[in-house]
Amino acid sequence: VSVVRRRRCAILGASGYIGQHFARLLAEHPWFEPVVLTSTERSKGRTLGDVWLLPEEIPDTLARARLTTATPRELRRAGIEVAFSALPSGKAGTIETALAKKGIPVFSNASDHRMDRDVPLLVPEVNADHLDLLTARPGGRAAIVNNPNCTAAGLVVGLAPIVPLLDPVRVYVATYQALSGAGVPGVPSLHIADNVVPFIADEEEKVAAESLRMLRSARPRDARPVRMEVVAQCARVAVRDGHLEAVTIEARRRPSLPEIRAAWTGFDPLALWDLPTAPRPPIELRSEPDRPQPLRDRWAGSPRRARGMAVTIGRVRWDPPLLRFFLLSHNAVRGGAGGSVLNAELALRAGWLGHPVGRPPS
Ligand SMILES: NC(=O)c1ccc[n+]([C@@H]2O[C@H](COP(=O)([O-])OP(=O)(O)OC[C@H]3O[C@@H](n4cnc5c(N)ncnc54)[C@H](OP(=O)(O)O)[C@@H]3O)[C@@H](O)[C@H]2O)c1
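Going by the numbering used here, the sequence shown opens with residue 13, and the numbers climb by one from there.
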């Protein structure tokens, strides 16, 4: 793979939880170079080091970078070629549209554009072909590519290999979601210490709608449509990072348990793409009786750059027609910044951001 040069990129909302994970993942990225970090007036002028709150180390190259409040026009003038958005949902939409109109492609975590017809809602292992939806965007506009809600991001990786085998009627998912999913400052400590809160606003609806959008074909008349429901119940627990999901699938078909396990372990759809942040394999199947656990499995994924990108599955039980298992993924990495970085790598390789890096597989 020949790398031509690193694309100049901006991290929007760099002082927030997802923004800092972007900084961590992009500081030494071979294809993208973060040159502008934005925030609101609240953090403007401070360095990334001043506001850093992750337990992971701050990258040396960005520790002294100053936060700015650059507008889309100023980002254009600064020669920004790609924007990574960690802006709050509700505020992100208009800024992201303005950037796309100025010709700057956006890779976003916010929910504002997730259901737009011309915006791929993308998890590369699951629906890379949805990038074709970009052809429907208005002329002269750059791409907006979204990653899904952090719970749906892990769930669809676990479902993609087994949905064709099981042809589910319904997927029930009950979640145990980490505190960092609520960003900074997040959930007040007196609400969550010694507690579980069985409510996260709009989460159950997003998990259902977004998972189905990704698992369905981008083509309206698919020969094998996904004909299932997703039913979610979501709770916040006092865990720092890593969403645990208890999944029960009601299946129409009866494959054997070894076939189901092989579908997960053999799943490696990005094998030929050579993307730096792609975990290989994307699913780690555990056989211990007490895994996955947030504390032990949140950083699953190799090579090193893809830590936190793999989905861990365990406690698999198959009593037809019910398949039950637990699934864990890092909400801020696979479900957040890492997901967007992987989307940008795929888009670049597939030729959606100007000159592709190397040649995509045919
Ligand atoms: N946390 C997760 O696990 C997760 C997972 C998937 C998706 N998401 C989504 O990712 C986005 C970011 O989430 P987060 O958890 O990182 O939130 P957060 O910690 O609250 O961070 C928000 C960031 O946006 C900045 N900001 C707010 N308005 C801005 C504006 N008009 N222009 C520039 N910067 C602005 C804030 O700057 P100041 O520091 O100056 O206030 C801060 O840096 C949200 O849309 C969220 O839904 C989060």
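From the three backbone atoms N, C-alpha and C, an ideal C-beta is built for every residue, glycine too.
Q) From what residue to what residue does the beta strand (DSSP E) around residue 242 run? A) That run of the beta strand (DSSP E) goes 241 to 248.
Q.
Shorter than 7 Å, the distance from the beta carbon of residue 164 to the closest heavy atom of ligand 1, or not?
A. Not one heavy atom of ligand 1 falls within 7 Å of the beta-carbon of residue 164.
Q. In chain order, what residues of the same chain have a beta carbon less than 8 Å from the beta carbon of residue 266, not counting five sequence neighbours either side?
A. Only 332, 333 meet the Cβ criterion.
Q) Between which two residues does the beta strand (DSSP E) harbouring residue 255 extend? A) 255 to 263
Q. Is the distance from the Cβ of residue 317 to the Cβ of residue 288 below 8 Å?
A. In contact: residue 317 and residue 288 (Cβ atoms closer than 8 Å).
(Q) Suppose only complete runs of 3+ residues qualify. What are the beta strand (DSSP E) ranges in the stretch 129 to 159, listed by chain order? (A) Complete beta strand (DSSP E) runs here, min 3: 156 to 158.
Q) Is the stretch 292 to 305 touching the stretch 324 to 331, taking contact as three or more C-beta pairs under 8 Å? A) yes
Q: Measure the beta-carbon distance from residue 156 to residue 118 and round it to whole angstroms, keeping in mind my assumption that it falls under 8 Å.
A: 5 Å
**Q.** 8 Å Cβ cutoff met for residue 61 and residue 78
**A.** Cβ distance not < 8 Å, so residue 61 and residue 78 don't count as in contact.
Q: For residue 50, verify whether its CB is less than 7 Å away from any heavy atom of ligand 1.
A: Within the cutoff, so yes.
(Q) Using only the alpha-carbon positions, how far apart do residue 177 and residue 68 sit? (A) Straight through space, the alpha carbons of residue 68 and residue 177 are spaced by roughly 39 Å.
Q. Is residue 13 buried or exposed, if buried means 16 or more other CB atoms sit within 10 Å of its CB?
A. With a pLDDT of 49 at residue 13, under the threshold of 50, the modelled position of that residue is not reliable, and no figure is offered here.
Q: Using beta-carbon positions only, say whether residue 305 and residue 247 come within less than 8 Å of one another.
A: no
**Q.** Element boundaries [beta strand (DSSP E), containing residue 68]
**A.** Segment: none, residue 68 is in no beta strand (DSSP E) and carries neither H nor E.
Q: Take every Cβ of the stretch 337 to 347, pair it with every Cβ of the stretch 161 to 169, and state whether three or more of those distances are shorter than 8 Å.
A: Flag = yes, the stretch 337 to 347 and the stretch 161 to 169 touch.
Q | Cα-Cα separation between residue 251 and residue 348, rounded to whole angstroms | A | 17 Å
Q: Measure how close the beta-carbons of residue 35 and residue 74 come, nearest whole angstrom, since I'm counting them as under 8 Å.
A: 5 Å
Q) Counting Cβ pairs, one atom from each stretch, are 3 or more of them under 8 Å apart for the stretch 111 to 128 and the stretch 143 to 162? A) Output reads yes: the stretch 143 to 162 touches the stretch 111 to 128.
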